[in-house]
Structure formats: C-alpha cells, structure tokens
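Engineer: Please find one structure pasted underneath; my questions will follow.
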C-alpha cells in the first residue's frame, strides 16, 4: 500500500469515527435516566447465566451488595457458586439444589422448591441495600409453571427503584419479555457440545 | 383444578421429563472429548463481554489461572477491572486503555495499541498455566483491521490443548466464526438505552 493510499484510508477512517462519535454523544445525552433496570437473557445459545454472573462481577467492582438465586441449578457445585461463597459479606447466594427437572422427575417437589426459592428472591427484591439481584434460570421455573408469573412480575415491579434485576433461562414467557427494560436473545450459532466436546468446568459451570 | 386434572398433569410432566432425561443422557455420553474450547460472543445485543466475565468467574471458582485482555475498553475504570485487580495471583488483567475508537479518532495510534495488546494476549496463549483467556472486544479490533486476523487465529490454534479462549465483540469476521467451537450471537430484542435509561455501573461497566 502506497503512502497516499494509507493516508486516504486514515482520513476516511477518521471521518467515519467523527460521525460515529456525534451519533454516540447524542444518544448518550438522550439516555439520562438513572434507575434500576430489569434485564432478561433468553434464547437457546450459550451465555445467559454467564452474562448474569459477569454483571454480578461488575456490581461487586462497584461495591454493590449482590443477591443470587439459582432456580434450577445446584445439584452439583458450580464454579460461580464456589467463587461467590468466598464473599459472604458482599453476596447472598442461594442455590435451589435439586438439579435439572429431567433428573428429578418429580413435579410436586420442583413446585415446592421453586416456591421456597421465590420466597428468598422476594426478600432480596425488598431489600434496598442489595444493588443487583440475579434470578438465574428463573425462566425455566416460569415456563413449567412452578411459580406464578404474575406474582413474580409484581414482586419485580415493586423492588427498590435503584435495584437492577437480571432474569435468565430458556423459554421466557412473553409477559416477562414485555415487562423487561433490556432483553437479549442468546442465539445459538454453533456449540462445541454438538461436535462431541464435553461440558467442562470454567465453561459450562 | 380437580385432583384428577392435577394428577394427569403431573403424569404427563413426568413422562415428558423422562424422555428429556433419555435424550440428555445420550447427548452427554456422546460428548466425551475434554479439551480447551474456542468461544465467540458476537452480535448487537447486551451480554457479550459480561458472559466472558461470567466464565472468568467460573474459571476462578475451579482454581484456574485466568488471563484477560481488553482491546477497546479501558479509558474508564470498569467494575470488572476493579474487581479482578483484587486477585493478582489468579488473574492477569490488561486493559488497552484508550477507550473506544470513536473517542480517539486516531487510526495509527489504535493500530499500535492493538498490536501491543495482541503481544500480551499471545503470551497468555503460550502459557499452559493459564486455563482461560478472555480477549474482550477483540472482534472490533479485527473488524477495523487493527490486528491481522490470520495471525490471531494461528496464535489461538497454537495455544495449549486444555486452554479455553473467549473472544467477544460486534462484527466478528467470518474466519473467526468458522474457527470457533462455540458461537453465540447476542441478539438485541430491546435495550433500556433506547428508552432513555443511561448506561449504569454494574450493568454496562
């Protein structure tokens, strides 16, 4: 590439970036409301729970108190649980503890456990000292109607105004998507599992 | 709902779960290879970087050594950086430190900084003591051709066999998607930003 080409490329890049900066500055100026956001991570791809735990990490970096309830996972010890239990003063962590429903095959027990877990979640959602609440795999409990979605949405709506809440899991009911501020669908493009690679510590749990 | 209805529902649920368990057991048996996976989080939705940091948390919970390079972010102090710097024995953290390119408007400086950051990433990718490497926003550096994609993919392919690597950011080149084991597109369904809510600590950084 000649010096002239290189210079032209740099100038075009700089013009594009200047326009982008103007657009971003205007958008940032327009988005001025500071309040707790309700975030949903759904879809069949990887990253729903891990994104929630990444936000937990961010919250901890900003000296927030954090609450976590895992609605399905918990039969096995996960990396996130082992790590977060190192911070009992900063993190309230509750894992429902009965594994996936296809391992328990007991609807009544699942309903009872999910209800108990929701009571713990509700206490977090009533505590203004908690800046961020992660309700991991809640969508699955809602999809199977282990917990009443209207009750869940009422409790989330009644939380302290500055508290963020993150709901994860496949099969989010439409009412949950409608109520949320930010919704991401984690879309599966490809997954190592399908190519014969096992679920592994640090990646899947 | 009558008792009979309730019983029928429970039986149908149990049958469905039993079939699901069979399918899952077969899939788990087939996925038996244990090796480092190459994961890409792309798309326009929220959750690409935060999912990477959630996997960092999982890795730390499994006593892994972790390496993080942030290719674009770093002009401001993020929650993830503040948190991870608490663990200097477990986490090597490098933030490139010049903010988004639309704030710098200086292609040559961006190219130089991205190249320096890649040298640090390459050292992590050559270190078998590091179990998980997060290359945050690398896709953006590749999209703007600040770093050569073929060199990047060669370095990733040559990493220790058990090391996991996660690449995040919009605009992933097709060659990166082709080379990865697991790819998730974070699809934007809606975002609080568009409704006038500011980017906030704990959520966006």
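Protein chains in written order, with our numbering: chain A, 48 to 252; chain B, 48 to 252.
Virtual Cβ for every residue (Gly too), placed ideally from N, Cα, C.
#1: Strictly by DSSP, which residues pair up with residue 233 (chain B)?
#2: According to DSSP, what are the bridge partners of residue 115 (chain A)?
#3: Which residues in chain A sit within 8 Å of residue 152 (chain B), going by Cβ to Cβ distance?
#4: So which residues on chain A does residue 136 (chain B) lean against when the C-beta distance must stay under 8 Å?
#5: Report the residues of the stretch 88-100 of chain A with a CB closer than 9 Å to any CB of chain B, ordered along the chain.
#6: With distance defined between alpha-carbon atoms, name the residue in A:164, A:154, A:131 nearest to residue 112 (chain A).
#7: Straight-line CA distance for residue 83 (chain B) to residue 223 (chain A)?
#8: Just confirm the distance between the C-beta atoms of residue 236 (chain A) and residue 231 (chain B), as a whole number of angstroms; I'd bet it's less than 8 Å.
#9: Answer yes or no: does any C-beta atom of chain A fall closer than 9 Å to that of residue 114 (chain B)?
#10: Does the stretch 179-196 of chain B come within contact of the stretch 98-118 of chain B, defined as at least 3 CB pairs closer than 8 Å?
#11: Can you list the residues of chain B that residue 109 (chain A) reaches, using a CB-CB cut of under 8 Å?
#12: Should residue 48 (chain B) go down as buried or exposed, given a rule of 16 or more other Cβ atoms within 10 Å for buried?
#13: Could you tell me the boundaries of the beta strand (DSSP E) in which residue 213 (chain A) lies?
#14: Where does the unbroken alpha helix (DSSP H) through residue 167 (chain B) begin, and where does it stop?
#15: Starting from residue 203 (chain A), trace the alpha helix (DSSP H) in both directions and tell me its first and last residue.
#16: Which stretch, first to last residue, makes up the beta strand (DSSP E) that contains residue 130 (chain B)?
#17: Give the interface partners of residue 179 (chain B) over in chain A, defined as CB-CB distance under 7 Å, in chain order.
#18: Would you say residue 217 (chain B) and residue 91 (chain B) are within 9 Å of each other, going by their C-beta atoms?
#19: Might you give, ordered along the chain, the residues of its own chain that have their beta carbon closer than 6 Å to the beta carbon of residue 189 (chain A), omitting 5 neighbours on each side?
#20: Compare the C-beta of residue 104 (chain A) against all C-beta atoms of chain B and say whether one is closer than 9 Å.
#21: With DSSP collapsed to three states, give me the class of residue 80 (chain A).
#22: What would DSSP say about residue 67 (chain A), mapped onto helix, strand or coil?
#23: Which residues mark the beginning and the end of the beta strand (DSSP E) in which residue 85 (chain B) is found?
#24: Between the stretch 192-221 of chain A and chain B, which residues of the former have a C-beta closer than 7 Å to a C-beta of the latter?
#25: Run the CB neighbour count on residue 209 (chain A), radius 10 Å, all protein chains shown included, and call it buried at 16 or more, exposed below.
#26: Please name the residues in the stretch 222-234 of chain A whose beta-carbon is closer than 8 Å to at least one beta-carbon of chain B, in chain order.
#27: Who are the Cβ neighbours of residue 141 (chain A) in its own chain at under 6 Å, not counting the five residues just before and after it?
#28: So what does residue 244 (chain B) bridge to, in DSSP terms?
#29: Please state the DSSP three-state secondary structure of residue 100 (chain A).
#30: Is there at least one Cβ from chain A nearer than 9 Å to residue 240 (chain B)'s Cβ?
#31: Answer yes or no: does any C-beta atom of chain B fall closer than 9 Å to that of residue 258 (chain A)?
#32: Quick check: is the beta carbon of residue 155 (chain A) nearer than 9 Å to any beta carbon in chain B?
#33: Are the beta-carbon atoms belonging to residue 134 (chain A) and residue 107 (chain A) less than 9 Å from one another?
#34: Could you check what DSSP says for residue 250 (chain B) in three-state terms: helix, strand or coil?
#35: Count the other CB atoms within 10 Å of the CB of residue 126 (chain B); is the residue buried (16 or more) or exposed (fewer)?
#36: Taking only three categories from DSSP, how would you classify residue 58 (chain B)?
Structural biologist: From the atom records:
#1: A:233
#2: A:140, A:181
#3: Those are 61, 64, 65, 68, listed as they occur along chain A.
#4: Ordered by position in chain A, no residue passes the 8 Å Cβ test against residue 136 (chain B), which lies about 13 Å from the chain.
#5: Listed in sequence order: 88, 89, 90, 92, 93, 94, 95, 96, 97, 98, 99, 100.
#6: A:131
#7: One C-alpha to the other measures close to 35 Å.
#8: With a Cβ gap of about 6 Å, residue 236 (chain A) and residue 231 (chain B) count as contacting.
#9: no
#10: yes
#11: 126, 129, 248, 249
#12: Caution applies to residue 48 (chain B), whose pLDDT of 45 falls short of 50 and renders its modelled position unreliable; the value that the coordinates give is listed next. That one is exposed.
#13: Unbroken beta strand (DSSP E) run through residue 213 (chain A): 211-215.
#14: 154-172
#15: Boundaries of the alpha helix (DSSP H) harbouring residue 203 (chain A): 196-204, taken from the DSSP string.
#16: Not the beta strand (DSSP E): residue 130 (chain B) falls in the alpha helix (DSSP H), residues 126-131.
#17: 249
#18: yes
#19: 196, 220
#20: yes
#21: Looking at residue 80 (chain A) - three-state DSSP - the assignment turns out to be strand.
#22: Helix, per DSSP.
#23: 85-89
#24: 211
#25: exposed
#26: 224, 227, 228, 229, 230, 231, 232, 233, 234
#27: 116, 167
#28: A:80
#29: helix
#30: yes
#31: Here chain A has residues from 48 to 252 only, and residue 258 (chain A) is not among them.
#32: yes
#33: Cβ atoms of residue 134 (chain A) and residue 107 (chain A): closer than 9 Å.
#34: coil
#35: buried
#36: Taken through DSSP and simplified to helix, strand or coil, residue 58 (chain B) comes out as helix.
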